Amino acid sequence: MTNTTLVPRKSAPPGRTRRDRKAAELEARTRAAGDRLARISGWPAAQVLQDSRATPHGLRQDDADLRLARDGANVVAHDTGPRWYAQLAKAFWNPFIGILVALLAVMYVQWLQVADEEPFDPKIPIIGAMVLVSGLLRFWQERRSAGAAAALRALVTTTTAVQRRADRNAAPATAEIPMDQVVVGDIVHLAAGDLVPADLRLLTAKDLMVSQAALSGESLPVAKADTRTHDYGQSATTDPVEADNLCLMGTSVTSGTATGVVVATGADTYFGSMAGSLVGERPETSFDAGVKKVSFLLIRFMLVMVPLVFAVNGFTKGDWGEAFMFAVAVAVGLTPEMLPMVVTTNLARGAVAMAKRKVVVKRLNAIQNLGAMDVLCTDKTGTLTEDRIVLDRYLDAHGREDTEVLEYAYLNSHFQTGLRNLMDRAVIDRVLEAEEVVVDARFTKVDEIPFDFARRRMSVVLSRNDLHSPEGAAEHVLITKGAVEEVLALCTHVNDGGRRVELDAGLRRRVTRTAEDSNRQGLRVLAVATRTFPAGLPHSPNGMGGAPVAYTVADEDGLTLVGFLAFLDPPKADAAAALRALADKGVAVKVVTGDNELVAARVCAGVGIDVGAVVTGADIDALDDAELRTLVLATTVFAKTNPVQKARIVRALQAEGHTVGFLGDGINDAAALRDADVGISVDTAVDIAKESADIILLEKDLMVLEQGVEQGRTTFGNTIKYIKMTASSNFGNVFSVLVASAFIPFQPMLAIHLLVQNLAYDVSQLATPWDRMDPEYLREPRTWDAKGIARFMLFVGPVSSVFDITTFLVLWNVFGADSEASQTLFQSGWFVEGLLSQTLIVHMIRTRKVPFIGSRASAPVMVMTAVVMAFGLLLPFSPLAPALSMEALPMSYFPWLIAILLAYCALTQAVKAWYVRRFNTWL
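Below, the structure written as structure tokens:
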């Protein structure tokens, strides 16, 4: 997949001063916590214990209780979600709803003035019901999704092993306590599978491997210090994540054991320093900004058209009270009052559709943002990769694949009795299960030299079982597996095609290059070496005679290098296809990871991403915001990034006018998830990531995300379809009213006619959320474009006025409706033509193709169109006609009506073709 350099979009989002303050706060808090932890890592263990007022035996229980009361529970700040009444109020806090409420107030006050003479205006409860249903639907959907997200968090309850004493003289005892009750000074015991409950300074550790992916993004576990009795701290570091003797909250133990003293809890932890800056009101997204622009556009049109209609009617008719009522009816007619209902129904329907694909939508607006997204920033681990370690290759000293290397590596991993790490499991998984039986029959374990972090290797000693010899094994084989540098330093020979060759300086350089080549490809490399001992002699160190003793570290010398093992987190099989699918839909994918640049480049290349120059977090820190905005457009892969840098990348892309999605599951992703237009996480993510996200995937799958993008664009397409259809049609109607008012001596249509016509049209639009979008429309990101809507209204709206005026002329000249005595016929004729043209035009506007031939609406839209058109035709003939000041139309009117409607459709199609050629857009 090739990488296309992004270009700035035409419009950038509004200034984000509050967001900038939050970013600065996050950076300051994280730096302060990091600096403090970095200092602690350099202190001797005794000083850390003294500073924490703790002892290696643990706190007294009463002391722990006092500390808990003083410092508070060991929890980080997080969004608990608004209370139900606040969320209910927020569901109605919408610019579209604000317009309708203002209109409702005017209509109600107007009715109060004539309440004694006029019946209650039915439009008031109808619009009120639309507002009520829209808000309640949004509230119900978001409340339900928030409950689903909370249920995911409630599935996990965690405890930790802490050493405490009942009183000063009691012996220390280890007990499991809830993590939120851990306090500074507690002595915590860690074992494989444990979550680290707080920030710890290690006191002892054995074979300890910790997964820091949630904090750093590094896919492979890292070794932590095997501290000893004389613990004087480590050399200075500026990054607590890289400190060998610190284990931080949010990380987890993959193998080994350790004890550590708690040096920070809750908000004071490195994790907590990030979380504290991520609560509160979320930044404005592209959806929010777009809704505001469209709302103000509609308000501007009303502020121009309504006073104009009021003035023209008042001056020409002389009845200013009637003119005011008519102007209010025009205001209602101009307003797409179904818009909140249509938008919310569209979003809710999208949320239901995505729920079927195992996606929890926490905030409904995120669905539209997902469709508008044109840049997806994603982590690497678990998204592009399988989030597991596999043995990728086994090479001899010259870089050729050699099964003998795999055989010796398997023997080492199979017979060791210590905790197997992820790479041991990867080696074992590479060999068929049947081999296990054969190996156990052919070899017997003699001894083992366990792994430790000083040596960074482990060895097993095996005897070959000679089934045909009564004397048994003739020799013992020591097999060593470990870090390349440490193992190579002990090798004197190399296995070269079955021959044992001396490892001279030149050959050593070539062998080292073989390992480095794999390292440069982003692989983690281990070396495998052997040494043979005669089995018949009493064994002692270095093969000398004497009393038989166990094999020791001293025997790991004079080794023969067999070859190398290279491991990686493999790319997902469907990752490349998912990236191509996103690219086909106009979404550029940028990888933003905390892992190193070599690993990131290797994985990205493996899934078809054109990597280019990899930018690191250190590079980002050297740039100001303007320089970063230029860099992010041309860069695809960012590596070794921290939370602050990830958030800066998101904001830089947004500043260039892009709608940005961020997919992440770690603590280090939370700030970027919150700043993105749409934050996407997974159900296995840390709590703070799920709280910061708008959408939670129950499966970490880019193909599901691609389907979500399509659903988002369908949702937005149906929404913008309604806005453009309704706004242009209403504008055309009002323009026609304005013309008619200037030249016709009576009202061309009564206020009640406008309201009924508007209501019938609105009912027909209830089916819009169930309409389908053309495949071509779904291929590109879609965003709110207020200028485009205004342009559409101005060019397409007056087309209906041409045929409205034609209808006026036909009614005036052909049917003699040219006086106040015949105004009912005129008003009834225009009512029918206006409603039918307004309803029929739905099919003209909903697609840029030829309607009914190139693109056909969904069944619900077709049915609702037919029902409303039938209603419009029959209403003048119904018993309701007198009450509505209507009368039956002559049959001779209908051929004229058919001709006008056909001409209207033909002209609209011609205008559409010109508009698409001129502006290269339609919806």
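At position 578 of the sequence shown the residue is numbered 577 (numbering that gives the first Met the number 0), and the sequence of numbers has no breaks. Glycine included, each C-beta is placed from N, C-alpha and C at the ideal position. All figures in this text were calculated on a predicted structure; none of them were measured in a lab.
Scanning the region 602–681 from its first residue to its last, the whole beta strand (DSSP E) runs of 3-plus residues come out as 636–638, 659–662, 677–681.
A distance of 7 Å or more separates the beta carbons of V486 and T531. The shortest CA-to-CA distance from A408 to any of G731, R399, L390 is the one to L390. Inclusion of G562 and D401 in the CB contact set at 7 Å is warranted, their separation being smaller than that value.
Residue environment analysis places I897 among the exposed positions, since fewer than 16 neighbouring C-beta atoms fall within 10 angstroms of its C-beta. No Cβ-Cβ contact shorter than 7 Å links T718 with D773. Rounded to whole angstroms, M863 and H842 show a C-alpha spacing of 12 Å. Going by C-alpha positions, T551 is about 60 Å away from A625. DSSP places P533 in the uninterrupted beta strand (DSSP E) bounded by 523–533. Three or more Cβ pairs drawn from the region 246–256 and the region 176–195 lie within less than 8 Å of each other, which places the two stretches in contact.
Judged by DSSP in its simplified three-state form, R392 adopts strand. Setting aside the 5 residues that flank it on each side, D817 is surrounded in the same chain by W811, each with a C-beta closer than 7 Å to its C-beta; the list follows chain order. With contacts defined by Cβ atoms closer than 7 Å, A670 and A688 do not form a contacting pair. If you look at D686, you'll find it in the alpha helix (DSSP H) that goes 686–691. Taking a 10 Å sphere around the C-beta of E775, we find fewer than 16 other C-beta atoms and assign the residue as exposed. Counting along the chain, the unbroken alpha helix (DSSP H) around L701 starts and ends at 701–742. In the three-state reduction of the DSSP assignment, T806 falls in the helix class, which pools H, G and I.
Exposed is the label assigned to N168, since fewer than 16 other Cβ atoms lie within 10 Å of its Cβ.
Runs of the alpha helix (DSSP H) spanning 4 or more residues and lying entirely within the region 829–892 occur at 858–873, in chain order. Non-local C-beta neighbours of N368 in its own chain, meaning closer than 8 Å and more than five positions away in sequence, comprise T284, S285, F286, T658, G660, D676, V677, D693, G711, ordered along the chain. The beta carbon of P797 sits closer than 7 Å to the beta carbons of G731, F734 from its chain, once the five residues preceding and following it are set aside; these are given in chain order.
For R463, the enclosing beta strand (DSSP E) covers residues 456–463. Looking at M208, H492, E515, K292, the one whose alpha-carbon comes closest to that of A504 is H492.
In the DSSP annotation of this structure, F745 is not part of any alpha helix (DSSP H), being labelled neither H nor E. Between T713 and S763, the CB-CB gap reaches or exceeds 7 Å. Secondary structure at T253: strand, using DSSP grouped into helix, strand and coil. Under the Cβ criterion (8 Å, minimum of three pairs), the region 101–111 counts as touching the region 310–327.
A straight line joining the alpha-carbon of A553 with that of T443 spans about 22 Å.
Separation of Y903 and V613 (C-alpha to C-alpha, rounded to the nearest whole angstrom) is 57 Å.
About 16 Å separates the beta carbons of I666 and D682, which is beyond the 8 Å limit, so they are not a contact pair. In this structure, DSSP gives K786 a helical state, which the three-state scheme calls helix. DSSP lists no bridge partner for D386. Beta-bridge analysis with DSSP links T559 to H492, T529. In chain order, S884, M885, E886 place their CB closer than 7 Å to the CB of T823, counting only its own chain and leaving out the 5 sequence neighbours on each side.
Under DSSP, E501 takes part in a beta bridge, and its partners are H492. Ranked by Cα distance from G871, the first of H752, G255, I899, R781 is H752.
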